[in-house]
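Working notes, beginning with the structure itself.
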Amino acid sequence: MNLSIYGVKWPVTTTMVFLATIILGAFSWTQLGVDLMPNFEIPAVTIITTYTGCGPREIESSITEPIEESVSTVENVDEITSQSMEGISMVTVKFNWGINLDAATNDIRDKLDLVARRLPDNADKPFIFKFNTSMIPVVMLSVSANESWEKLEKITDRKIVDALKRIPGVATALQIGGDKRGVLVNLDRERVQATGLSGNQIVGLLRNQNVDNPGGTIKQGQFEYLARTPGKFTRVDDLKSVVVATKPGVVRLGDVAEIRDDFLEKSNAFYINGKPGIGIMVQKQSGANTVGVAAAVREALPGIQAQLPPDVKLEMIMDTSEFIQNTIDNLSDSVLLGGIAVFFVILFFLRDIRGSLIICTTIPTSLIITFLLMYMAGYTLNQISLSSLAIAIGMVVDNSIVILDNIKRYLDRGVKSREAAISGAVEMGTSVMASTLTTIVIFLPIIFTTGLTNIMFGQLAMIITMALSASLISALMLTPMMCSKILKPAKVQGNTVAKARFEFLERIENLYGKALGLLLSHRWKTVGGLMVCFMLSLGLVKLVGVDFMPDQDQGRITIKFECPVGTRFEVTGEFGQKIAEIVKKNVPELKTLVVRYGKSTGQTGAMSGAKNFSYAGQVSVMLVPKDKRERGVKRVVQELRPLIEEIPGITVNFDSGDPMANMMGAAGAGFTLNLYGYDLKTGLAWANQLKEKLSSIPGLADLEINQDLAQPELQVNIDREKAATLGFNVSDIGNTVETYISGDTTVKYQEGGDEYDIVVRLRPEDRDRVEDLDRVPLISPTGQVVRLDNVARISNELGPTNVSRNEQERYIQITGQVYGRGSGDVSDDAKAIIESLPIPPGFSWKFAGNEKQRRESFSVLLQAAALGCILVYMVMASQFESLLAPFIIALSIPFGFIGAVLFLVFVGSRISIVSLLAFLILIGIVVNNGIVLISYINILVKRKIGLREALITSGISRLRPILSTTTTTVLGMIPMAISTGEGSEIWVPMGMSVIGGLIVSTLMTLFLMPILYSLFSRWLVPADHPA
């Protein structure tokens, strides 16, 4: 049975079904999580391997290359990139979208187990790090102290980090900065040399003296005794008593070394608002509610603070949930305001409060049903899902408007309410189903895409489909049922306002009818003029420009600075403080200021996101919320740049990008260029030449090359023949140098459940000068002491700061920020410059980052649009049982594109992945009005009404529903399109594109479509039809 007939004949059952669904939907709404973006898993893992004291080239050859070679055989690998830096190897494996990342990670782990035997013995075990949106810190905390500074790192780890990890939803809490405790064994070179022992032998003695050995069990009588030899160091003084030699007398470690419980040598620093401290980045569990986790952390802080010493201060310095909540509130307001605007539009066109309330019932009903479907699908309330509802708010009433308008026509003819409801709904049922289906099928290709397009818009397409499906069921069942009960024939008499409104709409209809009649008399001139306008307007595309994603103002600015390569971190810190002072004086909108510089060790350094060198640092500027400041981040950067660039001796780059976009492949820069080739010297010369040329491109700034050959190195060039004569091999010499200079940390000291490094190396006065390297003592197998300079030549060289590789090939990367232009336009200019210069032999280049993602995403969306157009055509062809009628409707689509571009010019936005999606939405929307109009023309043609009269009558009779559905969609989107709050940068271009395209395409529907129908009438109208 037809749904409309069922709804009218069984009103109580229909009401109960919808009420039950609404109750479930309302409950589902309260259970939906809140987040900035949909939770998704990026199909990539990074393998981090640390090898303290090892240079970039050695890291590349001994760790990175073996790991790359091993993991390249794993199935579904899309790309392998790597970074080899001092002490750290990072190999990132990107897989094809849609794979099972857990299974792929297990495959990676198996490969690493096989390659482990090829890695250096002193290298740490490779650590696998998976990417997902939970990596972005939910909150950042700072810990500072006065008297308790020496114990602050332990207090932070034991009392704060552990407490944070126990909070529901928190995955981990990472410490940044702070002084690390350790046991320092500073060897006296001359005294050690006198014992005839090497540094490695002393380390071996310590290792053998620091063990707990089991001894088995002894059974005597009725008892069983466990025998064990506890030998681990329990006090620092235990190290001093370790005997290292017995000739000529007993020599203890304390006799040849200074041993003290102290902080490890500092190599980095972290300042919060001018005070030294420790930073804590709190990350949420995958799938956890970001706003809820942030609130839980905030509530837990007073309790944690109460457990700390009085002088230790714990405070929250960054809370991403504020931006998320403001964004969600902004979009929620857009949905609410759009719904209110839709109600008044409907009231204006229908001239009936009852009819308006019936139609507006569709809005909450459809949205609440959508909440139920979202809950069942595991979705959250985020930017994507709420913007989907903001887009759909004006569309969900379209079907009900068409149904109710037709029902009113029957009522106005005197048909009884029950029969009018059934006849009006059944007559237009096929049309509204077809128009809804054309909107839905345009989204189907997006739902089945993979990669970034699916992440950004797959959920949007699915939610709009849910909302439109819910609105269709409501229009076919609920609207006719309510009309049969409460809708009455229109009564204009006696109501001055209604009468004036009726007369106003009637005048519009009359004017439209006259205009359409005039254009029908000049069909070819009209079509020709419109085609000329269309061709001329295509030039607007070049004027608008092309970009990947609109920039979001999240109130964060990162100022990255570098001193000359090799600068000590203490000197780097002085420059960092200078930048901080400039920021404090010139940024009144400042909320939090964080200064980080130097080199972090281990996995923390690799995962920090900052350049991990002694000569590099960054100043993170966090501003107050957007509604509390007059300047946007771009303007703040623009005004800060000249002030900071005046500081001599450093290079500075600014980044105000979105961390989410960076994670998804934007590389933290608007412009990224990779130069491929093995020879680093030749590659850097080419990179510097290109950098100079690229700096002339308008809108391209902050150009930076990711590596340099200026890292000072002291290379120990071993004379293999001399070394072999004295009984040494290269490995022994290298290990000895590493132990004496960098230090050995393989032996650990345990206390109170904590483990600390025992660092064995020469004392500072024996290793701080370059000439001290010559004096490193080597002990031959015969016990002879040989200075290092007797078997090796020490030379000053310049080495790479890091070595980057992609697909097992070295590359150099040039990055930059784009201001005031589209990244696509900048890339086009860059391509012209690159192709005008000679490319060194053995080298190649290609764009990466934003430009790569833009091209891939645009390609996917354009393919989806093409497939969507084919599906829409098929649906319309099936409805009209004609191949030509859908073609006439489709001709309005290009004009919608021009309208969208016009509005992008108006708001100063560019064509991006967001506006391309808006064009795709337009395809599904603009054909709906055409379906309604062509359907009614066909009805009148079947009634043997003359063609010209049928065209004009159809246009006039369908004008009101077409205008009302268009206006509801437009006004429903206006709050989103004119929004200025958090997150608006993403959705304003989408709203404006849809509004502009819909307005222009509606005009084409009303005027161009009847003309085209007339021109093709010989194939559309039956032969026996009167002219």
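Quick note, the sequence shown lines up with residues 8 to 1034 if you use the working numbering.
For glycine and all other residues, C-beta sits at the position ideal for the given N, C-alpha and C.
On a predicted model such as this, the values are computed, not experimentally measured, just so you know.
Cα-Cα separation, residue i to residue j
i    : j     : result
T22  : S971  : 27 Å
L119 : E816  : 20 Å
I376 : P144  : 33 Å
L721 : Y826  : 42 Å
V777 : S802  : 10 Å
V251 : N107  : 54 Å
S476 : G677  : 39 Å
I905 : L545  : 7 Å
H529 : E510  : 29 Å
C61  : L868  : 46 Å
R967 : S899  : 19 Å
D836 : L171  : 49 Å
F350 : L483  : 20 Å
E762 : V243  : 13 Å
T973 : L1010 : 10 Å
D164 : F913  : 54 Å
C-beta atoms of residue i and residue j nearer than 8 Å
i    : j    : result
D773 : R794 : no
P63  : N809 : yes
I287 : V150 : yes
R196 : P771 : no
L388 : G176 : no
Q824 : D686 : no
V879 : V403 : no
L246 : V192 : yes
S395 : I471 : yes
I408 : G431 : no
S341 : M999 : no
S919 : F455 : no
I74  : F136 : no
Coarse secondary structure for residue i, derived from DSSP in three states
i    : result
W852 : strand
Q332 : helix
Y880 : helix
L958 : helix
Y604 : strand
M556 : coil
G62  : coil
P982 : helix
P221 : strand
V534 : helix
K132 : coil
V38  : The sequence shown places Gln at residue 38, not Val. Q38: helix per DSSP, three-state reduction.
A717 : coil
Cβ neighbours of residue i in the same chain (closer than 7 Å, five flanking residues each side left out)
i    : result
A178 : S141, Q290, K291 and Q292
T20  : none
V833 : F678, I704, G706, L707 and V825
V534 : I1018
A957 : I944, L947 and V948
Contacting residues, own chain, Cβ-Cβ under 6 Å from residue i (five flanking each side not counted)
i     : result
A855  : T679 and N681
F330  : Q561 and E989
G1004 : G903, G906, A907 and L929
L550  : none
Residues near residue i in its chain [Cβ-Cβ closer than 8 Å; skip 5 each side]
i    : result
L940 : S961, G962, R965, I969, T1012, L1013, M1016 and P1017
Which listed residue (the options) has its alpha carbon closest to that of residue i
i     : options                    : result
D269  : V1007, N220, L364 and K187 : K187
A873  : T746, A201, L451 and Y604  : L451
E653  : V122, L701, G605 and I589  : I589
G806  : M463, L716, D779 and F735  : L716
I1040 : L947, R917 and P901        : In this structure the chain extends from 8 to 1034, so residue 1040 is not present and cannot be described.
N275  : T746, M629, A799 and V602  : V602
T57   : S91, S79 and T80           : S91
F582  : G656, T599 and Q791        : G656
D558  : V921, F277, V551 and D751  : V921
K755  : T99, I29 and N215          : N215
Test: residue i CB closer than 8 Å to a CB of chain D
i   : result
T59 : The structure shown contains no chain D; it holds only a single protein chain.
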